[in-house]
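As structure tokens, the structure follows; a few thoughts come after it.
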Amino acid sequence: MYYYVFCYIFTSMNKEFIDKWISQLKKGSLSFVVLGILAYDQEYYGYDLIQEVKKKTAIDIAEGTLYPLLIRLKNEGLVESNWVPQETGIPRKYYKITKEGQSTFLEMRTYWTSLNQHLTTLTHAL
Amino acid sequence: MHYNQIPFTNRFSARLYQDYMSTATALVKKLALEQKQDILCEINSHIFEALQQQLPPQLIHDAMPSQLQEILDKLGLPETFIKEMILSTSITPSIESPRKSVSLLRVPIMLTQGIVNMIYYIIYTLMLIAVFLVVAKFIDPQGVGFFYAPNKFFIFGKLILQHEEALRYEQLGNYFIPAFLFIISGLYYSSTLILKLKKSIPHKL
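From first to last, the protein sequence lines are chains F and A.
Sequential numbering from 1 applies to the first sequence in the UniProt record's numbering.
Sequential numbering from 1 applies to the second sequence in the UniProt record's numbering.
The following block contains the structure:
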């Protein structure tokens, strides 16, 4: 009985830890993902970009969380945006990567690849 | 740029949309006009584009409340993500004084956090005192109570010097413990409410 209770508590603690870790990982890699999507010289408006992140990464994010990130990327000079009027009367704000954003993304990608290789080696060794 | 409101034919959808946008407007009211409009237009555009994915353009204005609610749920509570947008906006390097806007924006947050913390500790202390008095009532049933006589006594707790006159004016009697259990549960409920409120306040820029 005590053994099962202990196992139950341990499993839930473990799950909580993993959930937190996954959430941090998603949050940490989101700027890399967004720059990666914008890196191919394509412009996206906010809603479209969120759908693209979901489609390409299977990351299920709260949609509102992407907008503060876009503002931060804009403040850093990595993306730029402009409002484009639409026939519907509701304009769209299109986001585009800057040259600085492109070079930052390439640098991030180099680090990511190297980290990925190290982690693959590490996990295969176990 | 000023945001064009989306007109809804269904009055519940219209109400839902108005409530959401009013909350958003209230949250951004301290920003500069341009930044304010930028955030509101962005949210408005997101709602409209999400509706466009669900409905043909000519039927967008007939959206049902459930469809709009789903979009707003996915977007998140304005109190959470708009606050983050505001904080991200305010750290834009400014030519005049970059640090001023940051510190000024933090003042209301720090003040709110301080007040909430103070209320929480007061409630927590009162709860501890109430628990202590319930235990004390069990140990010393006569010396603990609510002793009240107009213009003579007002003692709520434990009598240090028990004199007979005071004992005669005990008001709660056997209702002392139930009354305190009721007070403790009320305080406990208030403290959980305060904790929830505290969680909704952003901690840092």
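Quick reminder that beta carbons are idealized off the backbone N, C-alpha and C, glycines included.
Give the secondary structure of residue i by DSSP, where H, G and I count as helix, E and B as strand, and everything else as coil.
i: residue 200 of chain A; result: coil
i: residue 49 of chain A; result: helix
i: residue 28 of chain F; result: helix
i: residue 87 of chain F; result: coil
i: residue 97 of chain F; result: strand
i: residue 44 of chain F; result: strand
i: residue 6 of chain A; result: coil
i: residue 155 of chain A; result: strand
i: residue 186 of chain A; result: helix
i: residue 114 of chain A; result: helix
i: residue 143 of chain A; result: coil
i: residue 170 of chain A; result: strand
i: residue 80 of chain F; result: strand
i: residue 125 of chain F; result: helix
i: residue 149 of chain A; result: strand
What is the rounded straight-line gap between the Cα of residue i and the Cα of residue j?
i: residue 33 of chain A; j: residue 41 of chain A; result: 12 Å
i: residue 64 of chain A; j: residue 3 of chain A; result: 22 Å
i: residue 16 of chain F; j: residue 134 of chain A; result: 37 Å
i: residue 18 of chain F; j: residue 53 of chain F; result: 22 Å
i: residue 151 of chain A; j: residue 186 of chain A; result: 30 Å
i: residue 157 of chain A; j: residue 121 of chain A; result: 20 Å
i: residue 83 of chain F; j: residue 114 of chain A; result: 40 Å
i: residue 132 of chain A; j: residue 21 of chain F; result: 41 Å
i: residue 184 of chain A; j: residue 76 of chain A; result: 35 Å
i: residue 27 of chain A; j: residue 35 of chain A; result: 12 Å
i: residue 192 of chain A; j: residue 48 of chain F; result: 39 Å
i: residue 92 of chain A; j: residue 25 of chain F; result: Only weak support exists for where residue 92 of chain A lies, its pLDDT of 45 falling under 50; the value from the coordinates is given anyway. Taking the straight line from one Cα to the other gives about 26 Å.
i: residue 14 of chain F; j: residue 86 of chain F; result: 49 Å
i: residue 119 of chain F; j: residue 113 of chain F; result: 10 Å
i: residue 70 of chain F; j: residue 79 of chain F; result: 8 Å
i: residue 78 of chain A; j: residue 197 of chain A; result: 15 Å
i: residue 129 of chain A; j: residue 155 of chain A; result: 14 Å
i: residue 14 of chain A; j: residue 40 of chain F; result: 39 Å
i: residue 112 of chain A; j: residue 87 of chain A; result: 16 Å
i: residue 176 of chain A; j: residue 25 of chain A; result: 49 Å
i: residue 94 of chain A; j: residue 90 of chain F; result: Note that residue 94 of chain A scores a pLDDT of 38, beneath 50, so its modelled location is shaky and nothing firm can be said.
i: residue 51 of chain A; j: residue 102 of chain F; result: 32 Å
i: residue 31 of chain F; j: residue 136 of chain A; result: 58 Å
Could you check how far apart the C-beta atoms of residue i and residue j are, in whole angstroms? I think they sit under 8 Å.
i: residue 89 of chain A; j: residue 31 of chain A; result: 7 Å
i: residue 47 of chain A; j: residue 71 of chain A; result: 6 Å
i: residue 93 of chain F; j: residue 45 of chain A; result: 6 Å
i: residue 127 of chain A; j: residue 188 of chain A; result: 6 Å
i: residue 85 of chain A; j: residue 67 of chain F; result: 5 Å
i: residue 167 of chain A; j: residue 142 of chain A; result: 6 Å
i: residue 116 of chain A; j: residue 194 of chain A; result: 6 Å
Residue i and residue j: beta carbons closer than 9 Å?
i: residue 96 of chain F; j: residue 38 of chain F; result: yes
i: residue 62 of chain F; j: residue 74 of chain A; result: yes
i: residue 153 of chain A; j: residue 172 of chain A; result: no
i: residue 39 of chain A; j: residue 6 of chain A; result: no
i: residue 104 of chain F; j: residue 35 of chain F; result: yes
i: residue 8 of chain A; j: residue 68 of chain A; result: yes
i: residue 80 of chain A; j: residue 64 of chain F; result: yes
i: residue 56 of chain A; j: residue 88 of chain F; result: no
Check whether chain C comes within 9 Å of residue i, counting only Cβ atoms and requiring the distance to be less than that.
i: residue 47 of chain F; result: Included in the structure are the protein chains F and A, with no chain C among them.
| task | Taking a Cβ distance cut-off of 7 Å, strictly less, list which residues of the segment 15-47 of chain A are near chain F, in chain order. | result | Taken in chain order, the members of the segment 15-47 of chain A whose beta-carbon sits within less than 7 Å of a beta-carbon on chain F are 41, 42, 44, 45 and 46.
| What are the residues of the segment 58-75 of chain F that lie near chain A, defined by any Cβ-Cβ distance shorter than 7 Å? | Taking 7 Å as the Cβ-Cβ cut-off, the segment 58-75 of chain F approaches chain A at 62, 63, 64, 65, 67, 68, 71, 72 and 75, given in chain order.
query = Using a beta-carbon distance cut-off of less than 8 Å, what residues from the segment 75-109 of chain F approach chain A?
reply = Result list: 75, 83, 88, 89, 90, 91, 92 and 93.
Task: Short-range partners of chain F found in the segment 51-69 of chain A, where Cβ spacing is below 9 Å - done: Correct list: 52, 53, 57 and 60.
Inset, instruction - For the segment 19-44 of chain F, enumerate the residues whose C-beta is nearer than 9 Å to any C-beta of chain A, in chain order. - result: Look at the segment 19-44 of chain F: it has no residue with a C-beta under 9 Å from a C-beta of chain A.
When Cβ atoms are compared, which residues of the segment 161-187 of chain A fall closer than 8 Å to chain F? Only those residues of the segment 161-187 of chain A whose C-beta falls short of 8 Å from the nearest C-beta of chain F would be listed, and there are none.
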